[in-house]
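First comes the structure, then the notes that go with it.
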Amino acid sequence: MQLFLIIIVICVVFGILMYNSLIGKKNQVDNIFASVDTILKKRFDLIPNLVASVEKYMDHEKEILTKVTQLRAQAMQGGLSDEEKISLDAQLTNALKSINIALEAYPDLKANQNVIHLQQSLNEIEEQISAARRAYNQSVTDLHNAIEMFPTNIIANIMGLKYRTLFTINTNERENININNLFNNK
Amino acid sequence: MKSTSELTDFYYSELYPTILELEKKRKTILSKIKVHGFAGLVIFIVLALMIIKNFGAHSLFFILVIITMAIVSLYYNFLTSGYNKEFKELIISPIINAINQNLEYDQEFFVSQYIFERSDLFTHSIDKYSGNDHVRGAIDGVDIEFSNIHAQYKTRDSKGREHYQTLFRGIFFIAKFNKNFKSKIIVLPDIAQRTLGNLLGGWLQANNFSRDKMIKMDNPEFEKQFVVYGSDPIETNYILSHSIMQRILDFQKKISYPIFISFVNNYIHIAVDTKKDLFAPNIFKSLLDFNQTADYINSIRNVILLVEELKLNEKLWRKI
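Chains as they are written, first to last, in this note's numbering: chain A, 1 to 186; chain B, 1 to 320.
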């Protein structure tokens with residue numbers, strides 16, 4: 001009887017520890033996602049300025065600029081799910097990349113201090129976003145491991161923990177936003 | 001930055017007269033060491049035999065060994081200290097200048113204890129702090145500073161005797177980092193995981209109470225070699241970008257000593273645990289020996305090259 005009680009107590013203690021560690025992992029994912037959100041918002045704030053500054057030079061790329069503005073508007077709406085936010089981030093990153101590539105065709109922009117400054121800020125924010133995405137993906141991987149591995153998978157199942165969407169990280173991102181190539185190739 | 005072969009040329013051409021002069025001194029000291037060492041050995045054996053024959057006491061013999069060791073080490077230091085000093089003044093100092101003219105070298109000075117403790121690489125309290133061979137200056141616009149450091153702490157044995165244990169002995173390097181950050185990031189050699197395995201070692205690392213939270217990085221090789229502690233996972237990923245992790249790994253491959261890195265107050269601190277002084281000459285090896293020369297030059301170059309290796313000179317936009 002005593003042995004049985006000891007086993008029960010040990011099981012309960014382990015159960016509590018596993019439950020707490022799972023909650024910790026879930027909260028970590030949520031916390032980091034909140035920070036990702038904050039940094040993404042910083043980027044949204046820069047977009048109207050960027051669009052306004054390059055609009056008058058870029059006659060042929062109105063379509064990309066409109067798309068960027070639209071994506072920003074969509075992303076700024078409330079009530080988006082995490083998956084939607086992640087998907088919008090990827091689209092916005094790609095659209096901004098297109099602007100950067102298009103910028104190369106406009107030497108006048110090289111001289112525009114405002115555009116240069118905006119590009120610099122954007123570049124810095126891209127670095128931060130990339131770091132935030134990596135931190136988020138790592139915390140999601142930790143959570144997924146706990147959901148899948150024995151014995152935490154049993155508790156995770158009871159708790160109804162769900163899989164999260166990972167950010168897809170484009171390793172070429174950094175080079176694409178590299179302002180050096182755009183403005184310093186005199 | 002001059003290449004190793006350029007520096008070797010410089011060593012054998014411009015420094016050659018000085019080297020010959022110093023080599024003569026080295027040979028004189030070495031022959032003294034040999035003659036006096038032999039004489040000392042004879043005296044030691046005679047004394048030891050006398051003690052064993054007359055007293056047969058092991059404790060007395062033990063005391064003799066300790067006294068002999070102390071005398072040998074004192075006498076050795078006495079013989080070589082002048083040579084060490086001249087070697088640093090006449091050989092090391094010009095090499096550092098040849099590597100980069102903006103660097104200042106001081107034999108006696110060393111990185112302050114405040115900076116060493118600020119790095120937070122070693123959490124133990126320090127009771128004795130010393131160093132030498134201080135180099136300071138700007139490379140490609142990056143302010144750097146490094147020196148040998150020997151940090152020790154006091155322990156007491158069961159008989160209440162005090163002993164000094166080495167906490168760190170090696171090169172301590174600091175440079176302004178090219179990204180702004182607020183949190184503290186510590187990168188340590190992954191000894192626990194390597195020796196105790198993934199499960200136990202990993203658990204011990206994750207539960208290191210003297211450190212911030214352990215942060216897993218998304219570079220498997222880096223994870224295997226190092227353990228990272230930080231207060232902010234996003235900022236840790238921001239500082240330890242894929243490229244800097246790769247550069248740290250490359251640097252670690254190049255040198256065989258364990259490296260400790262921290263990012264605090266917008267500075268990067270790197271401690272290389274060489275367990276010896278960086279620029280101390282080896283009295284038993286000729287100054288004309290090519291391998292030995294390459295060794296001296298490379299050990300200086302490797303540290304100064306850190307700026308280029310870690311691309312600390314690459315300015316990011318925010319720092320402009």
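Each residue gets a CB set at the ideal place from its N, CA and C atoms; glycine is no exception.
Please read all numbers here as calculations on a predicted model, not as lab measurements.
Inset, instruction - Check whether the Cβ of Arg318 of chain B lies closer than 8 Å to any Cβ atom in chain A. - result: Confidence is the limiting factor: at Arg318 of chain B the pLDDT is only 46, short of 50, which leaves the residue's position unreliable, though a coordinate-based value still follows. Judged by the 8 Å Cβ criterion, Arg318 of chain B is in contact with chain A.
Legend entry - Buried or exposed (CB count within 10 angstroms, at least 16 for buried), Gln70 of chain A: By the 10 Å Cβ count, Gln70 of chain A comes out exposed.
Inset, instruction - Look at Ala151 of chain B and Leu167 of chain B and say whether their C-beta atoms are less than 8 Å apart. - result: Yes, the Cβ-Cβ distance between Ala151 of chain B and Leu167 of chain B is below 8 Å.
Inset, instruction - Run down chain A in chain order and give the residues with a C-beta less than 8 Å from the C-beta of Lys224 of chain B. - result: Residues of chain A passing the Cβ test: none, with the nearest at roughly 16 Å.
Inset, instruction - Going by DSSP, name the residue or residues bridged to Glu145 of chain B. - result: Paired residue(s): B:Arg136, B:Ile174.
Legend entry - Within the stretch 2 to 75 of chain B, ranges of the alpha helix (DSSP H) (whole runs, at least 4 residues): Counting only runs of 4 or more, we get 4 to 13, 16 to 54.
Inset, instruction - For Ile234 of chain B, return the contacting residues in chain A, with the cut-off set at a CB-CB distance below 7 Å. - result: In chain order: Ile32, Ser35, Ala131, Ala132, Ala135.
Legend entry - Asp59 of chain A (DSSP reduced to helix, strand or coil): Asp59 of chain A falls in the coil class under three-state DSSP.
Inset, instruction - State the start and end residues of the unbroken beta strand (DSSP E) segment that holds Met214 of chain B. - result: Residues 213 to 215.
Legend entry - CB of Leu312 of chain B within 8 Å of CB of Ile255 of chain B, strictly: Going by C-beta atoms, Leu312 of chain B is not nearer than 8 Å to Ile255 of chain B.
Inset, instruction - Could you check which residue in A:Asn123, A:Ile154, A:Ala135, A:Thr66 has the C-alpha nearest to that of Cys11 of chain A? - result: The shortest C-alpha separation from Cys11 of chain A is found at A:Ile154.
Inset, instruction - Would you kindly work out how many angstroms separate the C-alpha atoms of Asn176 of chain A and Asn20 of chain A, rounded to a whole number? - result: Residue confidence is low: Asn176 of chain A scores 42 on pLDDT, short of 50, so the model does not pin down where it sits. Its coordinate-derived value is still stated next. Distance between the alpha carbons of Asn176 of chain A and Asn20 of chain A: 42 Å.
Inset, instruction - Using DSSP bridges, identify the partner residues of Asp106 of chain B. - result: Paired residue(s): B:His134.
Inset, instruction - For the beta strand (DSSP E) containing Ala271 of chain B, list its first residue and its last residue. - result: Run containing Ala271 of chain B: 267 to 272, per the beta strand (DSSP E) assignment.
Legend entry - Buried/exposed call for Thr379 of chain B, threshold 16 Cβ in 10 Å: Nothing about residue 379 of chain B can be reported from this structure: the residues present for chain B run from 1 to 320 only.
Legend entry - Under the three-state DSSP convention, the category Val307 of chain B falls into: Helix, per DSSP.
Legend entry - Cβ-Cβ distance between Val325 of chain B and Ile171 of chain B below 8 Å: Nothing about residue 325 of chain B can be reported from this structure: the residues present for chain B run from 1 to 320 only.
Inset, instruction - Would you kindly report the start and end of the unbroken alpha helix (DSSP H) that includes Leu96 of chain A? - result: From DSSP, the alpha helix (DSSP H) with Leu96 of chain A extends over 82 to 103.
Inset, instruction - Find the residues of chain A that neighbour Asp218 of chain B, judging by a C-beta separation of less than 8 Å, and give them in chain order. - result: Here the neighbours are Arg134, Asn137, Gln138.
Inset, instruction - Please confirm whether Lys134 of chain B and Ser125 of chain B have their CB atoms less than 8 Å apart. - result: The sequence given here places His at residue 134 of chain B; Lys does not occur at that position. Going by C-beta atoms, His134 of chain B is not nearer than 8 Å to Ser125 of chain B.
Inset, instruction - Pick helix, strand or coil for Arg118 of chain B, following the three-state DSSP scheme. - result: In the displayed model, Arg118 of chain B falls within a helix according to three-state DSSP.
Inset, instruction - Helix, strand or coil for Leu288 of chain B, going by three-state DSSP, please let me know. - result: The three-state reading of DSSP puts Leu288 of chain B in coil, since its state is none of H, G, I, E or B.
Legend entry - Residue from A:Ser130, A:Ala34, A:Ala135, A:Gln74 with nearest C-alpha to Ile47 of chain A: Selected option, being the one with the closest Cα: A:Gln74.
Legend entry - Whether Phe61 of chain B touches Ala48 of chain B by CB criterion (8 Å): Contact: yes.
Legend entry - Residue span of the beta strand (DSSP E) that contains Leu188 of chain B, given as start and end: 185 to 189 is the span of the beta strand (DSSP E), which, as asked, contains Leu188 of chain B.
Legend entry - Rounded separation between Ala111 of chain A and Ala135 of chain A - CA only: Distance between the alpha carbons of Ala111 of chain A and Ala135 of chain A is about 36 Å.
Legend entry - Residue nearest to Gly24 of chain A in terms of C-alpha spacing, selected from A:Ile7, A:Ser139, A:Phe167: Ranked by how close their Cα comes to the Cα of Gly24 of chain A, the residues A:Ile7, A:Ser139, A:Phe167 have A:Ser139 in first place.
Inset, instruction - Less than 8 Å between the CB atoms is what I'm expecting for Ile96 of chain B and Tyr105 of chain B, so what's the real figure, rounded? - result: The pair is a contact, with the Cβ atoms about 5 Å apart (cut-off 8 Å).
Inset, instruction - Quickly, what does DSSP pair Glu235 of chain B with across the bridge? List them, please. - result: For Glu235 of chain B, which the question treats as bridged, DSSP gives no partner whatsoever.
Legend entry - Residue span of the beta strand (DSSP E) that contains Tyr198 of chain A, given as start and end: No answer is possible for residue 198 of chain A: it lies beyond the span of chain A, which begins at 1 and ends at 186.
Inset, instruction - Answer yes or no: do Ala132 of chain A and Leu22 of chain A have a C-beta to C-beta separation smaller than 8 Å? - result: Taking 8 Å as the Cβ cut-off, Ala132 of chain A and Leu22 of chain A do not qualify as a contacting pair.
Inset, instruction - Going by CA-CA distance only, name the one from B:Ile92, B:Val35, B:Asp127, B:Leu204 that's closest to Phe279 of chain B. - result: Sorting B:Ile92, B:Val35, B:Asp127, B:Leu204 by C-alpha distance to the C-alpha of Phe279 of chain B places B:Ile92 at the top.
Legend entry - Short Cβ contact (8 Å threshold) for Ile234 of chain B with Ile32 of chain A: Yes; because the gap between Cβ atoms is below 8 Å, this pair is in contact.
Legend entry - Where Thr168 of chain A sits in the DSSP three-state scheme: Three-state DSSP puts Thr168 of chain A in coil, outside helix and strand.
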